[in-house]
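One structure below.
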């Protein structure tokens, strides 16, 4: 992990699928700019670490300085060339989290389809929800409130439904990383394309919404967000220019 020497550095936090990934030429150009400017790089993804490392190996790119995996429920820092799980973050998000009670509470909702086990973790419950979305989400919220169960609900891309600890999420994780790196908020830019990136924007970070973004993020109109015309990594480059980062 970087130490006190990270003070006054700038940090780019980018979602992977649909944001950094999608146009290889633009991605390599962006990563070259980030390295030439000596920016800190953070990946923020719904992928698990194994899938993230497979992407890094496939594209032959450097590992990020930190990585947020599984929609903010795991944080890794680069230490001696390896991305290492940060147990401090795990302890923080474990508070007021009762995974099994949530699963039992929702077991009879037929529209909820269980995602593969590789996407289920101690701090993440994941379903597909493709039918009657509005009615089902209202029913879920009603049940959780009645049972006084605390959780973050993230619905994205018209099918992915995640339940996370109240103190987790991509936004909470990037705040945690910023504190660890001793950075100023104004020196951070977040980049995304879908609903599981939205909380980073609503928290007020400077943000780049790439041109191919899903409606749930594209409709965000906060003054902190730049809506790029270009797609994928080209959109990130466009946004970094807008924010005078490059």
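Numbering (the numbering used here), first residue to last: 1 to 246.
We put the beta carbon where it would ideally sit given N, CA and C, even for glycine.
Assuming the contact rule is C-beta atoms closer than 8 Å, residue i and residue j should be a hit. Round their C-beta distance to whole Å, please.
| i | j | result |
| --- | --- | --- |
| residue 129 | residue 161 | 4 Å |
| residue 9 | residue 39 | 7 Å |
Which of the three DSSP states, helix, strand or coil, is assigned to residue i?
| i | result |
| --- | --- |
| residue 73 | coil |
| residue 136 | helix |
| residue 164 | strand |
| residue 193 | coil |
| residue 66 | strand |
| residue 42 | strand |
| residue 148 | coil |
| residue 235 | helix |
| residue 227 | strand |
Using only alpha-carbon positions, find the residue among the options that is nearest to residue i.
| i | options | result |
| --- | --- | --- |
| residue 63 | 70, 178 and 53 | 53 |
| residue 100 | 132, 150 and 76 | 150 |
| residue 22 | 193, 197, 187 and 241 | 193 |
| residue 97 | 168, 136, 31 and 134 | 168 |
| residue 223 | 108, 238, 205 and 76 | 205 |
| residue 201 | 180, 227, 183 and 181 | 227 |
| residue 16 | 68, 35 and 32 | 68 |
| residue 28 | 243, 82 and 237 | 237 |
| residue 88 | 164, 188, 56 and 74 | 74 |
| residue 108 | 136, 95 and 83 | 136 |
| residue 71 | 154, 178 and 243 | 154 |
| residue 46 | 18, 188 and 33 | 18 |
| residue 105 | 185, 50, 146 and 166 | 146 |
| residue 131 | 141, 110 and 143 | 110 |
Enumerate in chain order the residues of its own chain whose CB-to-CB distance from residue i is below 6 Å, with the five nearest sequence positions on each side excluded.
| i | result |
| --- | --- |
| residue 240 | 246 |
| residue 13 | 42, 44, 174 and 190 |
| residue 158 | none |
To which residues of the same chain is residue i closer than 7 Å at the C-beta, ignoring the five residues directly before and after it?
| i | result |
| --- | --- |
| residue 115 | 126, 127 and 128 |
| residue 61 | 31 |
Considering only residues of the same chain and omitting the five flanking positions on each side of residue i, which have a CB-CB separation below 8 Å?
| i | result |
| --- | --- |
| residue 20 | 14, 27, 30, 43, 191, 232, 233 and 236 |
| residue 103 | 125 |
| residue 148 | none |
| residue 217 | 192, 193, 194, 195, 197, 198, 201 and 209 |
So is residue i in contact with chain D if we call contact Cβ pairs under 8 Å?
| i | result |
| --- | --- |
| residue 205 | Absent here is chain D; the protein component of the structure consists of one chain. |
| Do three or more CB pairs link the region 202-216 to the region 230-237 at distances below 8 Å? | Verdict: yes, contact present.
| query | Counting pairs of Cβ atoms below 8 Å between the region 172-191 and the region 105-122, do you hit three or more? | reply | Between the region 172-191 and the region 105-122 there are fewer than three inter-stretch CB-CB distances shorter than 8 Å, so the stretches are not counted as touching.
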